[in-house]
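In what follows, a single structure is set out as structure tokens and then discussed.
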Amino acid sequence: MKMKTDWDYSERAHTYDCRADYSKKAILNLLNTVKLYPGEKVADIGAGTGKLTKVLIDYGLNVLAVEPNETMRNYGMDNLTGRRVTWFEGKGEETGLEDNSVKAVFFGSSFNVVNQPHALVETARVLRANGIFSCMWNHRDTADVIQREIELIIRNEIPNYNYGSRRRDPTKIIQGSGLFEEVMKIEETFSVKMKKTDMIKAWQSHDTLFRQAGEKFQNIINEISNLLTMESYMVPYSTKMWFAIKRN
14 MKMKTDWDYS ERAHTYDCRA DYSKKAILNL LNTVKLYPGE KVADIGAGTG
64 KLTKVLIDYG LNVLAVEPNE TMRNYGMDNL TGRRVTWFEG KGEETGLEDN
114 SVKAVFFGSS FNVVNQPHAL VETARVLRAN GIFSCMWNHR DTADVIQREI
164 ELIIRNEIPN YNYGSRRRDP TKIIQGSGLF EEVMKIEETF SVKMKKTDMI
214 KAWQSHDTLF RQAGEKFQNI INEISNLLTM ESYMVPYSTK MWFAIKRN
């Protein structure tokens, strides 16, 4: 039986890999800060097509990838065939992992699509003593000329467009759970060269936009496509991550 979630990425899965990768510098900074060493068992919750999972594997971690959406999970398994990863059908509030089984739990662009208080309780359950919780997102720099024009396209079609909690600081809710020590933040800015075709596909993968745009979605995609007249662009991003140690 397929696991039901409020967010269904089935129709977005084929374009999801065109999104920018997370800053490897930011992830390495996090791993060094919390002293997470190769060989440790960690969980990637909402692993999707494996974008964060791949980086964690590259740094030598033993990853349990938890993803509720069958289509996304199948793409992830194909992307990471032969790599050190075990896939599970599960979600942030109900991972299916054992108690005290992992050293760290990561949410890569997924903490915004779960019931956060419930997901934090579940995270504390599966973490070992002094385990690490981390959530992260890539944010486009909307001050960039092209990105500013894209924002105008979106807001002309959806005046009350809302990025939701993916652009909000989660510190208060993490700290308020009483399950974790002081919340800390790492942020790294970077730019990535993207083909026009991949930029358009990345927008097609944007479920927050799709859910709010409704029948206007394809028109927005078409307008973004018309705006992009060059073959490729340098797209400015920042990887923002928050992390905290489990309270014993």
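Residue numbers for the sequence shown follow the numbering used here, beginning at 14 and rising by one. Think of the CB as a built atom: it goes at the ideal place given N, C-alpha and C, for glycine as much as any other residue.
So, using beta-carbon positions, are residue i and residue j closer together than 8 Å?
{"i": "VAL47", "j": "ALA60", "result": "no"}
{"i": "ILE58", "j": "GLY109", "result": "no"}
{"i": "LYS198", "j": "TRP150", "result": "no"}
{"i": "VAL98", "j": "THR62", "result": "no"}
{"i": "MET207", "j": "VAL158", "result": "no"}
{"i": "VAL55", "j": "VAL76", "result": "yes"}
{"i": "THR28", "j": "GLN217", "result": "yes"}
{"i": "PHE267", "j": "PHE193", "result": "Nothing can be reported for residue 267, as the shown portion of the chain is limited to 14 through 261."}
{"i": "VAL139", "j": "SER123", "result": "no"}
{"i": "ILE166", "j": "GLU236", "result": "yes"}
{"i": "ILE233", "j": "ILE213", "result": "no"}
In the DSSP output, what is residue i paired with across the bridge?
{"i": "LYS206", "result": "MET247"}
{"i": "CYS148", "result": "PHE120 and TRP255"}
{"i": "LEU74", "result": "DSSP lists no partner for LEU74."}
{"i": "ARG99", "result": "Reading off the sequence shown, one finds Thr at residue 99, where the question assumed Arg. In DSSP, THR99 forms a bridge with LEU77."}
{"i": "ASP57", "result": "ALA78 and PHE119"}
{"i": "MET197", "result": "PHE256"}
{"i": "GLU83", "result": "Looking at the DSSP assignment, GLU83 forms no beta bridge with any residue, so it has no partner."}
{"i": "LYS104", "result": "GLU107"}
Which residues in the same chain have their Cβ closer than 8 Å to the Cβ of residue i, if we skip the five residues on either side of it in sequence?
{"i": "PHE203", "result": "SER36, LYS38, PRO249, TYR250, SER251 and THR252"}
{"i": "GLU244", "result": "LYS208 and LYS209"}
{"i": "LYS116", "result": "LEU49, GLU53, LYS54, VAL55, LEU140, ARG141, GLY144 and ILE145"}
Got a sec? Which residues, its chain only, sit under 6 Å from residue i by beta carbon, not counting five neighbours each side?
{"i": "MET14", "result": "Any answer about MET14 is weak, because its pLDDT of 42 lies below 50 and its placement is not dependable; what the coordinates show is given next. Cβ neighbours of MET14 beyond the five flanking positions: none."}
Assuming the contact rule is C-beta atoms closer than 8 Å, residue i and residue j should be a hit. Round their C-beta distance to whole Å, please.
{"i": "ASP220", "j": "ARG25", "result": "5 Å"}
{"i": "PRO130", "j": "GLY103", "result": "Contact flag wrong, Cβ pair sits at about 18 Å."}
{"i": "ASN92", "j": "ARG179", "result": "The Cβ separation is near 22 Å, so there is no contact."}
Is residue i close to the ligand FAD? I mean its beta-carbon at under 7 Å from any heavy atom of the ligand.
{"i": "LEU65", "result": "No copy of the ligand FAD appears in this structure; indeed no ligand is present at all."}
Start-end ranges of the beta strand (DSSP E) lying completely within the region 138–194, minimum 3 residues: 140–153
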